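Student: Residue -13 is where the sequence shown starts when you use the working numbering, and the numbers rise one by one after that. Here a beta-carbon is modelled for each residue, glycine too, at the ideal position from N, C-alpha and C. Note that the structure is a prediction, hence the values are computed from the model and not measured. Below is one structure. I have some questions about it.
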Amino acid sequence: MSTTVEEFLREAQKLTPEERRELAEALLKEGKHLADRRDEEEERTMGGEIRQRRLEWLKAHRAEYGGQHVALDGAALVAAGRSYHEAKENALSAGKSDVFITYLPKPDEVAEWGGW
């Protein structure tokens, strides 16, 4: 235990039982808040890594799966289909309900946008 923590504990012993309880609750609340912030940061970092890996997968498999909807779990292909619905159903059949589904254009496909 560090000297600072030891000093803090010595000071805490001077508190009344009620003050110690309040201190303990405050420390637990602060610890939870710090843990939540750390978890959120890890999630943001992991989310960025997963998006990057998905993009790499989509680029690498465009010729193979172009013109289809693909369902990815992280950066792993779970299912594919001619429509979003078909890809979703195929993913569910594979036991995966929480997947990322997107249309993967063919390498020579030009995107069409709605006009005015």
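Between 62, 72, 42, which lies nearest to residue 54 when the distance is taken from Cα to Cα?
Tutor: Among 62, 72, 42, the Cα nearest to that of residue 54 is on 72.
Student: Would you kindly work out how many angstroms separate the C-alpha atoms of residue 19 and residue 81, rounded to a whole number?
Tutor: C-alpha separation (whole angstroms): 35 Å.
Student: Just to confirm my understanding: we take residue 70, look at its own chain, exclude 5 residues before and 5 after, and list those with CB closer than 8 Å. What are they?
Tutor: Counting only Cβ-Cβ distances below 8 Å, and skipping sequence neighbours, we find 55, 87, 89.
Student: May I have the straight-line CA-CA distance separating residue 64 from residue 16, to the nearest angstrom?
Tutor: Between residue 64 and residue 16, the C-alpha separation is close to 41 Å.
Student: So within the region 31 to 61, which uninterrupted beta strand (DSSP E) runs reach at least 3 residues, ignoring any that extend past its ends?
Tutor: If we require 3 residues or more, the beta strand (DSSP E) runs fully inside the region 31 to 61 come out as 54 to 59.
Student: Would you report the Cα separation of residue 128 and residue 27, rounded to the nearest angstrom?
Tutor: No answer is possible for residue 128: it lies beyond the span of the chain, which begins at -13 and ends at 102.
Student: Quick check: the Cα distance between residue 66 and residue 74, rounded to an integer number of angstroms?
Tutor: Answer to the nearest angstrom: the Cα atoms are 8 Å apart.
Student: Could you pull the start and end residues of the beta strand (DSSP E) that residue 1 belongs to?
Tutor: Taken as a continuous stretch (DSSP letters only), residue 1 belongs to no beta strand (DSSP E), as it is neither H nor E.
Student: Please list the terminal residues of the continuous alpha helix (DSSP H) segment that includes residue 79.
Tutor: Taken as a continuous stretch (DSSP letters only), the alpha helix (DSSP H) holding residue 79 covers 70 to 79.
Student: CA-CA distance, residue 57 and residue 49?
Tutor: Near 16 Å, if we compare the C-alpha coordinates of residue 49 and residue 57.
Student: Can you tell which of 45, 34, 84, 22 has its C-alpha closest to the C-alpha of residue 94?
Tutor: Among 45, 34, 84, 22, the Cα nearest to that of residue 94 belongs to 45.
Student: Look at the Cβ atom of residue 21, then the Cβ atom of residue 39, and state whether they are nearer than 8 Å.
Tutor: Their beta carbons are not under 8 Å apart, which means residue 21 does not touch residue 39 by this criterion.
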